[in-house]
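In the working numbering, the protein residues as written are 894 to 1102.
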């Protein structure tokens, strides 16, 4: 409070501190509402990520089994197919505004291609190899979705931690300090008022005497 603490308490200081206490209190409620909204978002993403990870585990297990079977039948064909089907994938990252916090997320991409998009003839390739490729592409698509959600989790988690520190500081240090100062000034002003009343009464009694 700086200058307020060094000068003698006044009614103006008392009113200014009361206003400051109210403003900070309202800010605290907004900060708590923001944290609550972010925590709801956070745990929603956690549930979604867990579901997606379980789905990914099952998808990769099936794709791996299909790959092993295809290799056992014709390993050369699998390697040739993999070489022909390889590609570069571009990912776009955007920022989404959640309670004034810009959360990065990767835009979902469609990585599962048709045979035409793969530029592959179904006649020249076995159905098992094509299905295995589709499963791995679906798994890659899911990995991008999971990565996007985990980036959001990290960003939101940092904001929640920061807001929690601010909330604790306001609740445990700042507001109690202002409240104590308000009570102190209130006591001083009341004491002055009592002294002034006593002085006036004493002067009146002297005049009457």
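No residue lacks a Cβ here, since even glycine has one placed at the ideal position from N, Cα and C.
Three-state class that DSSP yields for residue i in the structure shown
i            : result
residue 994  : strand
residue 951  : helix
residue 1017 : Low local confidence applies: a pLDDT of 48 at residue 1017 is under 50, so the model's placement there is unreliable, with the coordinate-based value given in what follows. Looking at residue 1017 - three-state DSSP - the assignment turns out to be coil, as it is neither helix nor strand.
residue 901  : coil
residue 1005 : coil
residue 982  : coil
CB contact flag (residue i, residue j, <8 Å)
i            : j            : result
residue 989  : residue 1000 : no
residue 959  : residue 1025 : yes
residue 963  : residue 1022 : yes
residue 1071 : residue 904  : no
residue 926  : residue 1043 : no
residue 1078 : residue 906  : yes
residue 1049 : residue 923  : no
residue 1075 : residue 1045 : no
residue 939  : residue 994  : no
residue 991  : residue 929  : no
Status (buried if at least 16 other CB within 10 Å, exposed otherwise) for residue i
i            : result
residue 910  : buried
residue 1029 : buried
residue 983  : exposed
residue 1032 : buried
residue 1069 : exposed
residue 1056 : buried
residue 916  : exposed
residue 1090 : exposed
residue 952  : buried
residue 1099 : exposed
residue 956  : buried
When the options are compared against residue i, the one with the closest alpha-carbon
i            : options              : result
residue 1058 : 915, 921, 906, 991   : 921
residue 985  : 939, 937, 1040       : 1040
residue 1061 : 1003, 918, 1038      : 918
residue 1037 : 902, 930, 949        : 949
residue 1163 : 966, 1020, 956, 1035 : What the structure shows of the chain is the stretch from 894 to 1102, and residue 1163 is not part of that stretch, so it cannot be assessed.
residue 936  : 1047, 901, 1085      : 1047
residue 966  : 1095, 1020, 1004     : 1020
For residue i: DSSP bridge partner residues
i            : result
residue 1039 : Per DSSP, none; premise fails for residue 1039.
residue 1031 : Note: residue 1031 sits in no beta bridge, so no partner.
residue 1080 : None; residue 1080 has no bridge partner.
residue 987  : 998
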